[in-house]
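Residues 61 to 621 in our numbering are what the sequence shown lists, from first letter to last. Cβ atoms here follow ideal geometry from the backbone N, Cα and C, with glycine treated the same way. These notes are about the structure you will find just below.
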Amino acid sequence: MERLDELLLRQADGELTPDEANELEALLRSSAEARAKLVEDCLLEVHLHKALTQQPVVAIPARQRYRGVVKRVAMVFATAAAVMTIYFLVNHLASRSTAAVAVVADVSGTAQCVHNDGRQTLLQPGSPIALGDRVVVGSEEDDLLAIAFPDRSRIILSPGTILHFRMPQEGEGKRVHIEQGVIQVSATKQPADRPMVLTTDHARVIVLGTRFRMYREAEASRVELYKGKVRMVQEVDGQTVEMEEGSVAVATAKAAPLQATTLSVGTATLQRTFLKGGQYVAFSEDGKFLAAGRNIGPIKIWSVPDGEVRGELNWRRGPLFGLFHSAEGRFLTALGENGTIGRWDLRTKHEVIEAIDKHHSRARSGAMSSDGKWLALAGPLRNARIWNRQNVADVFQFHSIVPSRGKPWCVAFSRTPRLFAYGQWDGTVSVRDMAADQVIHEFRLRHTPTKIALSDNGRFLAVFSIKDGIHLVDMQKGDHHELWPAESAHVSSLQFSRDGRFLLAGMNDGTARVWSIAETEMRLVIDTNFRRVRHAAFSPDGKYIATASDSHVKLWSYQLP
61 MERLDELLLR
71 QADGELTPDE
81 ANELEALLRS
91 SAEARAKLVE
101 DCLLEVHLHK
111 ALTQQPVVAI
121 PARQRYRGVV
131 KRVAMVFATA
141 AAVMTIYFLV
151 NHLASRSTAA
161 VAVVADVSGT
171 AQCVHNDGRQ
181 TLLQPGSPIA
191 LGDRVVVGSE
201 EDDLLAIAFP
211 DRSRIILSPG
221 TILHFRMPQE
231 GEGKRVHIEQ
241 GVIQVSATKQ
251 PADRPMVLTT
261 DHARVIVLGT
271 RFRMYREAEA
281 SRVELYKGKV
291 RMVQEVDGQT
301 VEMEEGSVAV
311 ATAKAAPLQA
321 TTLSVGTATL
331 QRTFLKGGQY
341 VAFSEDGKFL
351 AAGRNIGPIK
361 IWSVPDGEVR
371 GELNWRRGPL
381 FGLFHSAEGR
391 FLTALGENGT
401 IGRWDLRTKH
411 EVIEAIDKHH
421 SRARSGAMSS
431 DGKWLALAGP
441 LRNARIWNRQ
451 NVADVFQFHS
461 IVPSRGKPWC
471 VAFSRTPRLF
481 AYGQWDGTVS
491 VRDMAADQVI
501 HEFRLRHTPT
511 KIALSDNGRF
521 LAVFSIKDGI
531 HLVDMQKGDH
541 HELWPAESAH
551 VSSLQFSRDG
561 RFLLAGMNDG
571 TARVWSIAET
581 EMRLVIDTNF
591 RRVRHAAFSP
601 DGKYIATASD
611 SHVKLWSYQL
621 P
């Protein structure tokens, strides 16, 4: 809802043109997502007001806002006017308050604040952030924190991120130091004489109003700019670069040239947004249908050409690991964490639920071969358990692999030949030839791998760990390449394209990224406007990429050089 934010801010500044006013009205009238976003902003303003003034604010009851289309639109505009009023009030009060400089807008998982006096408090929506506070986000995959400032600027913190809210220096409006981790920044227009300043040990970024991501890595700091302009200063030698929209720059700990380069040579165009889609996606073999599901609730199947819902399938078996279409397109399989699978005949909508492994109270990873005949689960037992399906009604245990170096954490199959890859607790990654029943490739990372993928032809392996980043391995030549740096944004999914030319990663920084296998270079960055991407998938025909967040799914057409 970036456009909604822009229109509301222009209205607040008195700069809204008649055409933009009509656009805003049409957006609010036609989009339930836009109306929900506006209500969310209203609640955020209430949190800000309480945090900065400790005075109660009376909110308009939500059910009274939407009675009939005309009345609903009228009430939305009334709410927008109230938001703008509170917006200016909060700005005025913030200028007089030294206690709170920001407020927690949203939190998922665990996050805490370390105060100047050493106290530690858990953060919740509405918690105030004061100068001197350190905000620490947990390192689990679901941990996420959103912080809002009185001017409606926002910072979203990824897992493992630590921010220190420092006293602004002369000529600065805000100063935030990134001690580690990844942040997404959406900054409203800042006063020219009091900009927002973000710092790391390597760089200083001066923000006047823009949208970008900043990555604080061990030896460098990286800025990816999606909108507006920023000035980046390399701390070690004072080099400065003016960054334009669609560029990336990296400041290092040692003196090195600082320059801005093009962020993405490929392009992606949003085709559709499927509301309440799900966290996992799967294309049919012919690319005509897209299935999406969440942990609990219906699994929906959309027609890719027209975006129409073609079916809903019930899933009430707990958290999902993923969805898989069979090669012939007849069956859809959902794999659950508890070792339960659901299989639907898409012609008859007949459902078969199978508890294939009662020992897996909470598996860590699961995979299914592209032909639907092989299935694997990893953890919590000290083995990787594999099943082979002879027909749709028969599943039996085929093999139990007991790694020599700890529990398996992630698993994957190739298409042809039949290879099985698994990453272990101690960082060991193994690839096993299922026909010969022997390990054909093995190496060790510094940390436990959490995501793994094999190319269909069995030549390339991709694996991710927090301490190693994304590694690409050419098992034919024995070459290893680091595609994504360690201790940066975490990876939620990995998948090779059907032709083996590209690797797709869904990231918890809200992006999906594509690398060329031949050049081992990043070719495409899709800014999804999600807080995080739970899952990303190529369509088999190579025309689309689907990205899934905590609820919505987006379909992108893309072009790669």
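Could you spell out where the beta strand (DSSP E) holding T312 opens and where it closes?
Within the sequence shown, numbered from 1, the residue matching residue 312 stands at position 252. Unbroken beta strand (DSSP E) run through T312: S307 to T312.
Return the CA-CA distance between F598 and F473, expressed in angstroms with no decimal places.
Along the sequence shown, one-based indexing puts residue 598 at 538. Along the sequence shown, one-based indexing puts residue 473 at 413. Computed Cα separation, rounded: 16 Å.
Leaving aside the five residues before and after V689 along the sequence, list all residues of the same chain whose C-beta is less than 6 Å from its C-beta, in chain order.
Residue 689 lies beyond the residue range present for the chain, which begins at 61 and ends at 621; the question has no answer from this structure.
Nearest to P509 by alpha carbon, out of R445, L87 and A546?
Locating residue 509 in the sequence shown gives position 449, where the first residue counts as 1. Of the listed residues, the one whose Cα sits closest to P509 is A546.
Coarse secondary structure for L335, derived from DSSP in three states:
Position 275 of the sequence shown, counted from the first residue, corresponds to residue 335. If DSSP states are grouped into helix, strand and coil, L335 belongs with coil.
Integer-rounded CB distance, given that G186 should sit under 8 Å from V164:
The residue you call residue 164 lines up with position 104 of the sequence shown. The residue you call residue 186 lines up with position 126 of the sequence shown. Correct: roughly 6 Å between the Cβ atoms.
Is L505 near the ligand PLP - that is, is its Cβ less than 7 Å away from at least one heavy atom of it?
With respect to small molecules bound, the structure shown includes none, and the ligand PLP cannot be examined in it.
Beta carbon of I577, beta carbon of G602: below 8 Å?
The sequence position of residue 577 within the sequence shown is 517, counting from 1. The sequence position of residue 602 within the sequence shown is 542, counting from 1. Contact: no.
Please report the distance separating the alpha-carbon of A606 from that of K614.
For the purposes of this step, residue 606 is taken as residue 546 along the sequence shown, with counting starting at 1. For the purposes of this step, residue 614 is taken as residue 554 along the sequence shown, with counting starting at 1. Taking the straight line from one Cα to the other gives about 6 Å.
For the beta strand (DSSP E) containing A280, list its first residue and its last residue.
Taking the sequence shown and counting its residues from 1, the one referred to as residue 280 is at position 220. Residues A280 to Q294.
The beta strand (DSSP E) with H541 in it runs from where to where?
Position 481 of the sequence shown, counted from the start, is the residue given in the question as residue 541. Here the beta strand (DSSP E) through H541 covers D539 to W544.
Given that a residue counts as buried once 16 or more other Cβ atoms are within 10 Å of its Cβ, and exposed if not, what is Y618?
Counting from one through the sequence shown, the residue named residue 618 turns up at place 558. Classification of Y618: buried, given that the 10 Å Cβ count is 16 or more.
Would you decide whether D366 is buried or exposed? Buried here means 16 or more other CB atoms lie within 10 Å of its CB.
Your numbering for residue 366 matches position 306 in the sequence shown. Exposed, since its Cβ has fewer than 16 Cβ neighbours within 10 Å.
Beta bridge counterpart(s) of M227 as assigned by DSSP
Position 167 of the sequence shown, counted from the first residue, corresponds to residue 227. Beta-bridge pairing links M227 to no other residue.
Near H507, which residues of its chain fall below 7 Å by C-beta distance, leaving aside the five closest residues on each side in sequence?
Here the question's residue 507 lines up with position 447 in the sequence shown. G487, S525, I526, K527 and D528, listed in sequence order.
Are there three or more Cβ pairs, one per stretch, closer than 8 Å when the region 309-324 is compared with the region 333-351?
no
When the Cα of G399 is compared with those of A208, G378 and K409, which residue comes out closest?
The count along the sequence shown starts at 1 and reaches residue 399 at position 339. Nearest option by C-alpha distance: G378.
For the region 156-207, which segments carrying the beta strand (DSSP E) assignment without a break, of at least 3 residues, lie completely within its bounds, in sequence order?
162-168, 171-174, 180-182 and 194-197
Which residue comes first and which comes last in the beta strand (DSSP E) that contains V369?
Here residue 369 is taken as the residue at index 309 of the sequence shown, counted from 1. Start and end: V369 to L373.
Check whether the region 285-292 and the region 263-271 touch, using three or more Cβ-Cβ pairs below 8 Å as the test.
yes
Whole-number beta carbon distance between F391 and K428, since they are thought to touch under 8 Å
Start at 1 with the first residue of the sequence shown, and residue 428 comes out as number 368. Start at 1 with the first residue of the sequence shown, and residue 391 comes out as number 331. Rather than Lys, the amino acid found at residue 428 in this sequence is Met. In fact, because the Cβ distance is near 11 Å, the residues do not count as touching under 8 Å.
R558 to G402 span [Cα, whole Å]:
The sequence position of residue 558 within the sequence shown is 498, counting from 1. The sequence position of residue 402 within the sequence shown is 342, counting from 1. Approximately 25 Å between the Cα atoms of the pair.
What does the Cβ neighbour count give for D211, buried or exposed, with the cut at 16 atoms within 10 Å?
The residue you call residue 211 lines up with position 151 of the sequence shown. It counts as buried.
In angstroms, rounded to a whole number, what distance separates the CA positions of G192 and K511?
For the purposes of this step, residue 192 is taken as the residue at position 132 of the sequence shown. For the purposes of this step, residue 511 is taken as the residue at position 451 of the sequence shown. Rounded to the nearest angstrom, the two C-alpha atoms are 37 Å apart.
Going by DSSP, name the residue or residues bridged to F598.
Numbered from 1 along the sequence shown, position 538 holds the residue referred to as residue 598. Per DSSP, I605.
What are the boundary residues of the beta strand (DSSP E) that A622 is part of?
The structure shown does not extend to residue 622, since the chain spans only 61 to 621, so no value can be given for it.
Can you tell which of A522, R235 and R424 has its C-alpha closest to the C-alpha of G538?
As a first step, residue 538 is located in the sequence shown; it is residue number 478 there, counting from the start. Out of A522, R235 and R424, A522 has the C-alpha closest to the C-alpha of G538.
What is the DSSP secondary structure of E83, reduced to helix, strand or coil?
Taking the first residue of the sequence shown as position 1, residue 83 is located at position 23. It is helical.
Same chain only: Cβ atoms within 7 Å of L514, ignoring 5 sequence neighbours per side:
Taking the first residue of the sequence shown as 1, we reach residue 514 at position 454. Cβ neighbours of L514 beyond the five flanking positions: A472, F473, S474, L479, A481 and L521.
Residues of its chain near T145, where Cβ-Cβ distance is below 7 Å and the 5 sequence neighbours each way are ignored
Stepping through the sequence shown from its first residue, residue 145 is reached at position 85. Low local confidence applies: a pLDDT of 42 at T145 is under 50, so the model's placement there is unreliable, with the coordinate-based value given in what follows. Nothing listed; no residue qualifies.
Compare the beta carbon distance of L444 and P477 with 8 Å and say whether it is the shorter of the two.
Against the sequence shown, residue 444 aligns to sequence position 384. Against the sequence shown, residue 477 aligns to sequence position 417. First, the amino acid is wrong: residue 444 is Ala here, not Leu. No. Outside cutoff.
Between which two residues does the beta strand (DSSP E) holding G518 run?
By one-based count along the sequence shown, residue 518 stands at place 458. First-last for G518: undefined, no H or E at that position.
Selection from D497, Y340, D166 and V364 that minimises the alpha carbon distance to G357
Looking up residue 357 in the sequence shown gives position 297. Ranking the options by Cα distance to G357, first place goes to Y340.
Nearest-angstrom Cβ-Cβ length linking D610 and R594, presumed shorter than 8 Å:
Translated into the one-based positions of the sequence shown, residue 610 becomes position 550. Translated into the one-based positions of the sequence shown, residue 594 becomes position 534. The Cβ separation is near 6 Å, so the contact holds.
Note down the Cα distance separating E201 from M567, rounded to an integer number of angstroms.
By 1-based counting over the sequence shown, the position of residue 201 is 141. By 1-based counting over the sequence shown, the position of residue 567 is 507. Spanning the two alpha carbons is a distance of roughly 10 Å.
Could you compute how far the alpha carbon of T300 sits from the alpha carbon of G306?
Locating residue 300 in the sequence shown gives position 240, counting from the first residue. Locating residue 306 in the sequence shown gives position 246, counting from the first residue. For T300 and G306, the distance between alpha carbons rounds to 18 Å.
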